[in-house]
Each structure stands twice: as structure tokens, then as C-alpha cells.
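Trainee: The following block contains the structure, expressed as C-alpha cells.
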Amino acid sequence: MCIRDRNKTLQENLETLRKENTRLQQINSEASLNSQNQQSSVSSLKEELSQKIQEIHMLTKTLDTLKEQEIIQTREIESLRTSKQLLESEKLEVSMRLSQELNSVDGNLRNEVLDFRRKNRELELRVKELDAILRNKQSGKL
């Protein structure tokens, strides 16, 4: 009986071990499946991360290009402002010189007109004198 009892106990233990083995195999399968899913998720995340890094590099290059363009445009704007200021200064200077020249020309013209009037009066007086002389000579001949 001892052998039978022992045999029965061994069979019960064997059955328990088989159940435990089945349960552990199922757990192992689930763990393996989870591991595969996690590896797949990690690979997918790595791929997505790599794409995002490339996007960041492209955006950084674009941003750098835009910053360079902004610097160039700022310099061009400053250059244009300086040119505008120089042109406005030149315009003011030319306007002042033109005003002075116009005043000078106006003064010269006034002087010439006055001189012309003076000469005209002198000539009118000379004509009157000559007229008087002519009349005197004609009256003396008569």
C-alpha cells in the first residue's frame, strides 16, 4: 500500500506540476506576446522619434534661413533709411541754394530793370534835349 499511496501521491504531484507547467507556459506565451508587442511599440516609437528629429532639423534649418533673411532685410531697410535721410538732406540743401539763387536772380533782375528805367529816362531826357535843340535850330532858320 505504501507504494500505491506513494504512486498516487506522485501522480497527483505530477498532475499538479503539469497544470502548473501549462499555466506557466500560458503566462510565458502572454509574456512573449507582450514582449513582442512592446518591441513593436518601441520600434514604432523609435521610427516616430526619428521622423520628429528630422522634422526638427528641417524646421531649424528653415528658421536659420529666415533669421538670415531677416538680418539681410533689416540691413537693407537701414540702408534705405540712411539713403532717404541723405536724399532729404540733399533736397533741403538744393532747395536752399535754389531759393538763394532765385533771390539773387530776382535781385539782379530788379537791378537791371531799375538800370533800364534809369537809362530809359536818360534817353528820354536826351531825346527831349535833342528835340529842343532841333526846334531851336529850326526856329533859327525860319
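Under my numbering, the first residue of the sequence shown is numbered 6, with each subsequent residue one higher.
Backbone N, C-alpha and C fix where the C-beta goes; we use that ideal spot for every residue, glycine too.
May I have the straight-line CA-CA distance separating Q30 from S49, to the nearest angstrom?
Mentor: 28 Å
Trainee: Work out the CA separation of E83 and Q90 for me, nearest whole Å.
Mentor: 10 Å
Trainee: Please specify which runs of the alpha helix (DSSP H), each continuous and at least 4 residues long, are wholly inside the segment 8-52, giving them in chain order.
Mentor: none
Trainee: Using a Cβ-Cβ cutoff of less than 8 Å, which residues in the same chain neighbour N141 once the five nearest sequence positions on both sides are dropped?
Mentor: none
Trainee: Expressed to the nearest angstrom, what Euclidean distance is found between the alpha-carbon atoms of E20 and K13?
Mentor: The straight-line gap from Cα to Cα measures roughly 10 Å.
Trainee: Could you tell me the alpha carbon to alpha carbon distance between L86 and M101, rounded to whole angstroms?
Mentor: Here the sequence assigns Arg to residue 86, which means Leu is not the residue at that position. If I take the Cα positions, the gap works out to 22 Å.
Trainee: Do you know how far the Cα of L68 is from the Cα of E75?
Mentor: 10 Å
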